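As structure tokens, the structure follows; a few thoughts come after it.
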Amino acid sequence: FEHKGKKFAVYHGTLESVTDSLVQSKKYDIVIRGHNHLPQIEDVGGVLLINPGELCGYSHGKRTLCLLDVDKMQAEIKEF
Numbered sequence: 335f336e337h338k339g340k341k342f343a344v345y346h347g348t349l350e351s352v353t354d355s356l357v358q359s360k361k362y363d364i365v366i367r368g369h370n371h372l373p374q375i376e377d378v379g380g381v382l383l384i385n386p387g388e389l390c391g392y393s394h395g396k397r398t399l400c401l402l403d404v405d406k407m408q409a410e411i412k413e414f
């Protein structure tokens, strides 16, 4: 999908090859992934890769979410 002129890909799964393909395709400005519950924000060759972690904290004991400022292309993991 597209928002504020940025192209997004969203993937909920554990196959690293899928995440890698989305990032390496350079078709997206932001790739958001999930399922492994590990918070991550990384710039990979100009693509912002985000995993917000886990909202409930059942798997790793940390309740996290990600705040994204699309205009600034900045993301921040928040623990609560």
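Here my numbering is used: the first residue of the sequence shown is 335, the next is one more, and so on. For every residue, glycine included, the Cβ atom is placed at its ideal position computed from N, Cα and C. Bear in mind that the values here come from a model prediction, so they are computed numbers and not experimental data.
Check: Leaving out the 5 sequence neighbours to the left and right, which residues in its chain are closer than 6 Å to Arg367 when beta-carbon positions are compared?
Finding: Excluding residues within five positions, the ones whose Cβ falls inside 6 Å are Tyr345, Thr353 and Asn385.
Note to self: Helix, strand or coil, according to DSSP, for Asp403 in the structure here?
What the structure shows: In the three-state DSSP reduction, Asp403 falls in the strand class (E or B).
Check: Taking the runs of the beta strand (DSSP E) that are 3 residues or longer, which of them lie wholly in the stretch 357-387?
Finding: If we require 3 residues or more, the beta strand (DSSP E) runs fully inside the stretch 357-387 come out as 364-368, 374-378 and 381-385.
Note to self: If distances are taken between C-alpha atoms only, which option among Leu356, Asp363 and Leu401 comes closest to Lys338?
What the structure shows: Considering only Leu356, Asp363 and Leu401, the residue with the shortest C-alpha distance to Lys338 is Asp363.
Notebook entry, point to check: For Thr348 versus His371, is the C-beta spacing smaller than 8 Å?
Noted result: Their beta carbons are not under 8 Å apart, which means Thr348 does not touch His371 by this criterion.
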